Amino acid sequence: MYQAKPSTRSRLAAAIVVVTTLSGSLVAAQSAPDGENGRYSMTPTPDGVLRLDTRTGTVSTCSKNGSGWACYAVPDERSALDAEIGRLQAEVERLKGQLAAGPTVSGKIDEAMPRSDPLKKAEPQARGPKVAEGERKLEIPLPSDQDLDRAMSFLEKAWRRLIDMANRVQKDVSGRI
9 MYQAKPSTRS RLAAAIVVVT TLSGSLVAAQ SAPDGENGRY SMTPTPDGVL
59 RLDTRTGTVS TCSKNGSGWA CYAVPDERSA LDAEIGRLQA EVERLKGQLA
109 AGPTVSGKID EAMPRSDPLK KAEPQARGPK VAEGERKLEI PLPSDQDLDR
159 AMSFLEKAWR RLIDMANRVQ KDVSGRI
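With the sequence shown counted from 1, adding 8 to any position gets you the working numbering.
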């Protein structure tokens with residue numbers, strides 16, 4: 009039978025002890041529950057427990073119901089805020105690009121601004137506002153004589169009804185006194 013030298017035996021024994029120790033600690037770390045190795049941080053609440061996953065950052069509320077414990081993820085406002093910030097930054101960049109691509113005005117403009125004559129008579133037009141061509145001025149046509157007659161007739165009828173109503177109220181009050 010082969011016999012190893014004492015120094016080789018001690019090396020072999022040391023290697024076996026190291027391998028056994030390392031494999032034992034790896035098995036112990038893998039079989040330990042997540043709560044024991046620090047993955048979850050638990051905080052008691054009146055309704056149950058608030059659980060923080062230290063690896064992913066997700067927060068859950070856990071409560072005990074009739075069939076056992078149930079955990080539900082808490083909505084993350086941070087992701088919604090980050091999405092809105094990203095959308096706004098993209099819009100700002102798009103608007104900056106539009107502004108840079110648009111016409112630029114620098115210094116004095118050579119052409120004089122067109123003047124509009126406020127006393128200029130408006131041409132007879134159909135009803136409704138109209139934008140004059142060549143100018144950015146809104147022209148509103150004046151009412152016709154027929155429109156004024158209709159308005160005056162309405163006001164006269166309303167005035168007469170108001171006077172008739174006042175007379176009836178006065179007769180009712182004087183009859184009771």
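No residue lacks a Cβ here, since even glycine has one placed at the ideal position from N, Cα and C.
Note that the structure is predicted; figures quoted are calculated from it, not measured.
I believe residue i touches residue j by the beta-carbon criterion, under 8 Å. Please report the beta-carbon distance rounded to the nearest angstrom.
{"i": "Ala81", "j": "Ser68", "result": "5 Å"}
Pick from the options: whose alpha carbon is nearest that of residue i?
{"i": "Gly46", "options": "Gly65, Gly56 and Asp55", "result": "Gly65"}
Residue i by DSSP, collapsed to three states: which one?
{"i": "Leu150", "result": "coil"}
{"i": "Lys72", "result": "strand"}
{"i": "Arg59", "result": "strand"}
{"i": "Val82", "result": "coil"}
Could you check the C-alpha separation between residue i and residue j for me, to the nearest Å?
{"i": "Lys72", "j": "Gly56", "result": "7 Å"}
{"i": "Gly183", "j": "Ser161", "result": "33 Å"}
{"i": "Arg95", "j": "Gly74", "result": "44 Å"}
{"i": "Lys165", "j": "Leu146", "result": "34 Å"}
{"i": "Trp167", "j": "Pro149", "result": "28 Å"}
{"i": "Met173", "j": "Ala159", "result": "21 Å"}
{"i": "Asp180", "j": "Ser152", "result": "43 Å"}
{"i": "Leu107", "j": "Trp77", "result": "57 Å"}
{"i": "Ile93", "j": "Leu156", "result": "57 Å"}
{"i": "Glu85", "j": "Gln97", "result": "18 Å"}
> When the Cβ atoms of the region 45–52 are set against those of the region 60–67, are three or more pairs found closer than 8 Å?
Replying inline: Cβ pair count under 8 Å is three or more, so yes.
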